[in-house]
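Q: Please find one structure pasted underneath; my questions will follow.
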Amino acid sequence: MADFSGSDLTCLRGERLVFGGLSFSAKSGDAVMLRGRNGAGKSSLLRLMAGLVAPRSGDLRWNGENIAEDRSAHHARTHYLGHQDAIKPVLTVRDNLRLWGQLRGVRDLDPAIDRALTALQIHHLARVTGRYLSSGQKRRTALARVLIGQSDLWLLDEPTVGLDRESCAELAQLITEFRGRGGIVVYSTHIDLDVENPTILDLDDFAIPMVEWLAEQDELEDMAPTKRAASSQEAAQ
Amino acid sequence: MNGFLAILQRDLRLALRQGADSVMVVAFFIVTTTLFPFGVGPEVNILARIASGVIWVSALLAAMLSLERVFQADYEDGTLELLTLSPVSLELLILGKVLAHWLTTGLPLIIAAPLMAVMLNMDQDGFVTLMIAMLLGTPALSLIGAIGAALILGARRGGVLVSLLVLPLYIPVLIFGAGAVEAALLGISATAQLQIMAAILLLTLAAAPFATAHAVRQAME
């Protein structure tokens, strides 16, 4: 039984505070759906969860262990699907997928790729090079990557972009199967994906008004010089 | 180790499919070298005197020209993000990418160098040393260049920036590379220069993957 949780997460992108004080918890078989307006930090949160970016404060834990302590273990159990499909135009669908399987050390890679392609109904495209794929087909290829190799956590950032209604239903089905195997799924989407009772995490609830946060920072900085002055006085004495 | 071979294989396959890049680097090297006789004049003694320096400077510029593509395409299509998230250590993957870069740009330059040496009337005595020096020097160029290529990810006008970052770091390789050939031409042993070049290579081999990985992770922020 795996357990993935985050506590008191704050995320800073550039100069902008995206969200603060965010906590969540998910267990094997759970699905977490991220909601929120544009720029609320859905992608940022998924990137934090993947270990791509470190949170400004707070921590993420897998079975109680901070994910920053053993990154490669976290990367090995996580599949992340970002906005971009990472498909090379000159390589075939199979060759594109092969790299990711090899990096995960998947044995019997070719059958695994075949299974993934069949599950997403793009097996007929295996020998087609990336440049001839439609955007929906590219997205499906990217999703096929998620099916290759063992994993316990799927982080899907807008997985439905470019997919037709039929494929969305298939995706929902794949998510259900993955949850059945004890996987945890965190996803963001703008359309209704037919996933059974997901936990909903609304990022708008964790938005911090910039003014408030800046004031807090100023207080911290105001304190610092006083301390410094105090210690220099001590030194003088 | 499998990850290293996987990325090496993929990068080589990519380079092969879009082979124009390697050809362009060699063509650039040949064209730049050819410009010197036009500028300096066809006086054979002068050309023989400057040959080693000209070949090295052209090689540095040619190597630099190809740096941008080490990470740029992977950065733009999201591949680099996924490489950072792979269970294999990023340092190892970077080493694989650098090796692929060297095999597709450094190695062709080494093969083209003696031809350019003949054109510039360099004495035959220098040929072997020139090739050994380039064999030691060009991998170091790829390794140092990778740091620069990773640092400019996400920057506008990265191409110009990378040359400003990387060219100053190429100077030691240039000095000892040209020095080794000079020594051989004068009939002195070039061992000292070649040993220093080997030391530079080992140093960059040890440090560059870490620096590059750090820069790549920074670019993901």
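Order-wise, the sequence lines are chains A and B. Under the numbering used here, the residue at position 48 of the first sequence is numbered 48, and the numbers go up by one with no gaps. Under the numbering used here, the residue at position 184 of the second sequence is numbered 1184, and the numbers go up by one with no gaps. All C-beta atoms in this analysis are idealised placements derived from N, C-alpha and C, irrespective of residue type, glycine included. Keep in mind that this is a model prediction, so the values were computed, not measured.
1) Just checking, does the segment 42-60 of chain A make contact with the segment 8-17 of chain A on the three C-beta pairs under 8 Å criterion?
2) Assess, as a yes-or-no matter, whether the segment 1012-1024 of chain B is touched by the segment 80-98 of chain A under the definition of 3 or more beta carbon pairs within less than 8 Å.
3) Is the distance from the Cβ of Val1181/B to the Cβ of Ser1052/B below 8 Å?
4) Taking only beta-carbon positions, decide if Arg1069/B is within less than 8 Å of chain A.
5) Looking only at DSSP bridge pairs, what is Asn66/A linked to?
6) Can you tell me whether Phe1038/B is buried or exposed, with buried defined as 16 or more other CB within 10 angstroms of its CB?
7) What's the call for Val1031/B, buried or exposed, on a 16-neighbour Cβ count within 10 Å?
8) Which partner residues does Leu81/A have in the DSSP bridge list?
9) Please list, in chain order, the chain A residues whose beta carbon lies closer than 9 Å to that of Leu1060/B.
10) Could you give the DSSP three-state label for Thr1212/B: helix, strand or coil?
11) With a threshold of 7 Å on Cβ separation, who are the neighbours of Leu1205/B within its own chain once the five nearest residues in sequence on each side are excluded?
12) Can you name, in chain order, every residue of its own chain whose Cβ lies under 7 Å from the Cβ of Ser231/A, other than the five neighbours on each side?
13) Expressed to the nearest angstrom, what Euclidean distance is found between the alpha-carbon atoms of Glu170/A and Gly39/A?
14) Quick check on the burial criterion: 16 or more other C-beta atoms within 10 angstroms. Buried or exposed for Ile1200/B?
15) Return the first residue and the last residue of the alpha helix (DSSP H) that Ala26/A is part of.
16) Please list, in chain order, the chain B residues whose beta carbon lies closer than 7 Å to that of Leu153/A.
17) Roughly how far, in whole angstroms, is the beta-carbon of Leu1120/B from the beta-carbon of Ala1198/B, given that I think they are within contact range, below 8 Å?
18) Buried or exposed: which applies to Thr226/A, given that a residue is buried once 16 or more other Cβ atoms fall within 10 Å of its Cβ?
19) Drop a sphere of 10 angstroms on the beta-carbon of Asp95/A, count the other beta-carbons inside from all chains shown, and report buried for 16 or more, exposed for fewer.
20) Any chance the CB of Met1116/B is under 7 Å from a heavy atom of the ligand GTP?
21) Between the alpha carbons of Gly130/A and Asp110/A, how many angstroms are there, rounded?
22) The alpha helix (DSSP H) with Phe206/A in it runs from where to where?
23) May I have the straight-line CA-CA distance separating Arg228/A from Glu1081/B, to the nearest angstrom?
A: Let me lay it out:
1) yes
2) yes
3) Working through the second sequence from its first residue, we reach residue 1181/B at position 181. Working through the second sequence from its first residue, we reach residue 1052/B at position 52. Contact flag set, yes.
4) Residue mapping note: residue 1069/B aligns to position 69 of the second sequence, counting from 1. Output row for Arg1069/B: interface = no.
5) By one-based count along the first sequence, residue 66/A stands at place 66. DSSP output for Asn66/A lists Arg61/A as bridge partner(s).
6) Here residue 1038/B corresponds to residue number 38 of the second sequence, with the count starting at 1. Exposed is the call here.
7) For the purposes of this step, residue 1031/B is taken as the residue at position 31 of the second sequence. It is exposed - the Cβ of Val1031/B has fewer than 16 other Cβ atoms within 10 Å.
8) As a working note, residue 81/A is residue 81 in the first sequence. Answer is Leu156/A.
9) For the purposes of this step, residue 1060/B is taken as the residue at position 60 of the second sequence. What Leu1060/B touches in chain A: nothing, since even the nearest Cβ is about 29 Å away.
10) Position 212 of the second sequence, counted from the start, is the residue given in the question as residue 1212/B. Thr1212/B falls in the helix class under three-state DSSP.
11) Walking along the second sequence from the start, residue 1205/B turns up at place 205. So the list reads Leu1143, once near-sequence residues are dropped.
12) The residue you call residue 231/A lines up with position 231 of the first sequence. Low per-residue confidence applies at Ser231/A: pLDDT is 49, beneath 50, and the placement is therefore not dependable, though the value from the model is reported in the following sentence. Cβ within range, chain order: n/a, list empty.
13) Against the first sequence, residue 170/A aligns to sequence position 170. Against the first sequence, residue 39/A aligns to sequence position 39. Near 28 Å, if we compare the C-alpha coordinates of Gly39/A and Glu170/A.
14) Within the second sequence, residue 1200/B is the residue found at index 200, counting from 1. Counting Cβ neighbours within 10 Å, Ile1200/B comes out buried, since at least 16 surround it.
15) Looking up residue 26/A in the first sequence gives position 26. Run containing Ala26/A: none in the alpha helix (DSSP H); it sits in the beta strand (DSSP E), 16-27.
16) Along the first sequence, one-based indexing puts residue 153/A at 153. Near Leu153/A there are no residues of chain B at all, since even the closest Cβ is about 12 Å away, more than 7 Å.
17) Position 120 of the second sequence, counted from the start, is the residue given in the question as residue 1120/B. Position 198 of the second sequence, counted from the start, is the residue given in the question as residue 1198/B. Not confirmed; about 26 Å, so no contact.
18) As a position in the first sequence, residue 226/A is number 226, starting the count at 1. At Thr226/A, the pLDDT of 49 sits below 50, so the modelled position is not reliable and the matter cannot be decided from this model.
19) Against the first sequence, residue 95/A aligns to sequence position 95. With 16 or more other Cβ atoms within 10 Å, it is buried.
20) Ligands displayed in this structure: none; no statement on the ligand GTP is therefore possible.
21) The count along the first sequence starts at 1 and reaches residue 130/A at position 130. The count along the first sequence starts at 1 and reaches residue 110/A at position 110. One C-alpha to the other measures close to 18 Å.
22) The residue labelled residue 206/A in the question sits at position 206 within the first sequence. Note, Phe206/A: premise wrong, no alpha helix (DSSP H); not H, not E.
23) Sequence index remark: in the first sequence, residue 228/A carries index 228 (1-based). Sequence index remark: in the second sequence, residue 1081/B carries index 81 (1-based). Since pLDDT at Arg228/A reaches only 46, below the 50 mark, its modelled position is unreliable, and the value read off the structure follows with that caveat. Approximately 42 Å between the Cα atoms of the pair.
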